[in-house]
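According to my numbering, the sequence shown is numbered sequentially starting from 7.
The C-beta atom is built at its ideal place from N, Cα and C for all residues, glycine as well.
Accompanying notes for the structure given below.
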Amino acid sequence: MGYIERNLVPGETVVYESRLHWIVLVRPLVVGLLLGSIGLVFVIGGYEASGKDVSYGGMIFVGVLLLTAAAISVSGGLIKKSATEVAVSNKRVLIKTGLISRKTIEVTLSKVESVGVDESALGRMLGYGDVIVRGTGGTTESFSRIANPEELSRQVQGQLGIAGKHESGQLSA
Numbered sequence: 007m008g009y010i011e012r013n014l015v016p017g018e019t020v021v022y023e024s025r026l027h028w029i030v031l032v033r034p035l036v037v038g039l040l041l042g043s044i045g046l047v048f049v050i051g052g053y054e055a056s057g058k059d060v061s062y063g064g065m066i067f068v069g070v071l072l073l074t075a076a077a078i079s080v081s082g083g084l085i086k087k088s089a090t091e092v093a094v095s096n097k098r099v100l101i102k103t104g105l106i107s108r109k110t111i112e113v114t115l116s117k118v119e120s121v122g123v124d125e126s127a128l129g130r131m132l133g134y135g136d137v138i139v140r141g142t143g144g145t146t147e148s149f150s151r152i153a154n155p156e157e158l159s160r161q162v163q164g165q166l167g168i169a170g171k172h173e174s175g176q177l178s179a
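Spelled out as structure tokens, the structure:
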């Protein structure tokens with residue numbers, strides 16, 4: 007898993023990995039499709055009209071700009087999806103977002119008070135939602151549009167149960 011696996015502390019193992027759901031690609035793809043379609047019309051129209059002794063360089067230029075904007079929109083969505091890592095380890099809940107500028111959230115299991123899942127009706131049907139981790143001291147970390155959010159929540163709860171048994175001496179290390 008890249009960043010998260012490279013930044014585990016000694017004795018820490020990843021027990022569950024997740025990613026952003028494909029739903030995060032819908033908006034960039036729709037925007038890219040619309041801009042790309044309009045851009046293609048401009049480019050084709052500009053080339054067809056340029057053979058009629060009239061210069062349509064501006065039309066072609068606008069079309070190329072729209073095609074470029076479409077490519078940037080789609081690329082941005084793909085980068086966002088692929089550059090986000092979510093994991094539960096035997097010691098922490100971790101999320102890393104970003105490629106060039108990076109944001110990481112790490113919540114130690116001993117500091118987790120509760121875990122909640124927020125799913126819309128569409129999210130329940132398609133299998134995505136937000137996972138909210140509440141830490142001691144009132145800190146709240148939200149993991150948005152995560153694939154299989156209930157499973158992520160179950161994994162955190164499971165690790166909290168295991169950690170609690172270790173602390174109470176019910177399990178031997």
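(request) Compute the Euclidean distance between the alpha carbons of Asp124 and Gln161, then round it to the nearest angstrom. (result) Residue mapping note: residue 124 aligns to position 118 of the sequence shown, counting from 1. Residue mapping note: residue 161 aligns to position 155 of the sequence shown, counting from 1. Going by the C-alpha atoms only, they are around 16 Å apart.
(message) At the level of alpha carbons, what is the spacing between Gly38 and Lys102?
(response) Along the sequence shown, read from residue 1 onward, the residue named residue 38 stands at position 32. Along the sequence shown, read from residue 1 onward, the residue named residue 102 stands at position 96. Between Gly38 and Lys102, the C-alpha separation is close to 26 Å.
(request) Please confirm whether Leu35 and Ser81 have their CB atoms less than 9 Å apart. (result) What you label residue 35 is simply residue 29 of the sequence shown in a count that begins at 1. What you label residue 81 is simply residue 75 of the sequence shown in a count that begins at 1. Against a cut-off of 9 Å, the Cβ pair of Ser81 and Leu35 comes out as no contact.
(request) Can you check the stretch 106-174 for any alpha helix (DSSP H) of at least 4 residues that lies completely inside it and give the ranges in chain order? (result) Segments of the alpha helix (DSSP H) lying fully in the stretch 106-174: 127-132 and 155-174.
(message) Quick check for students: name the residue ranges of the beta strand (DSSP E) that lie wholly in the stretch 41-66, counting only runs of 3 or more.
(response) Taken in chain order, the complete beta strand (DSSP E) segments of 3 or more residues contained in the stretch 41-66 number zero; there are none.
(request) Provide the residue span of the alpha helix (DSSP H) that contains Arg25, from first to last. (result) On the sequence shown, residue 25 is found 19 positions in, with the first residue counted as 1. Element bounds for Arg25: n/a, residue is neither H nor E.
(message) Taking the alpha-carbon of Arg1 as reference, which of Val113, Glu157, Thr142 and Gly141 has the nearest alpha-carbon?
(response) This structure cannot settle anything about residue 1, because the visible part of the chain is limited to 7 through 179.
(request) In angstroms with no decimal places, state the Cα-to-Cα distance between Val47 and Lys87. (result) The sequence position of residue 47 within the sequence shown is 41, counting from 1. The sequence position of residue 87 within the sequence shown is 81, counting from 1. If you take the alpha carbons of Val47 and Lys87, they lie about 29 Å apart.
(request) Assign Ile50 to one of two classes, buried (16 or more other C-beta atoms within 10 Å of its C-beta) or exposed (fewer than that). (result) Against the sequence shown, residue 50 aligns to sequence position 44. The residue in question, Ile50, is exposed, as its Cβ has fewer than 16 Cβ neighbours within 10 Å.
(message) In whole angstroms, give me the CA-to-CA distance for Gln163 and Ala77.
(response) Along the sequence shown, read from residue 1 onward, the residue named residue 163 stands at position 157. Along the sequence shown, read from residue 1 onward, the residue named residue 77 stands at position 71. Roughly 40 Å between the two C-alpha positions.
(message) At the level of alpha carbons, what is the spacing between Leu105 and Glu11?
(response) Position 99 of the sequence shown, counted from the start, is the residue given in the question as residue 105. Position 5 of the sequence shown, counted from the start, is the residue given in the question as residue 11. Approximately 16 Å between the Cα atoms of the pair.
(request) For the beta strand (DSSP E) holding Glu91, just list the boundary residues, first then last. (result) The count along the sequence shown starts at 1 and reaches residue 91 at position 85. Note, Glu91: beta strand (DSSP E), Glu91 to Ser95.
(request) Indicate whether Val94 and Val15 have their beta-carbon atoms separated by less than 9 Å. (result) Reading the sequence shown from its first residue, position 88 is the one you call residue 94. Reading the sequence shown from its first residue, position 9 is the one you call residue 15. Not closer than 9 Å, so no.
(request) Can you give me the start and stop residues for the beta strand (DSSP E) that Val99 sits inside? (result) Here residue 99 refers to the residue found at position 93 of the sequence shown. Where Val99 is concerned, the enclosing beta strand (DSSP E) stretches over Arg98 to Thr103.
(message) Between the alpha carbons of Ile29 and Thr145, how many angstroms are there, rounded?
(response) Residue 29 sits at position 23 when you count from the first residue of the sequence shown. Residue 145 sits at position 139 when you count from the first residue of the sequence shown. Each residue's alpha carbon lies about 27 Å from the other.
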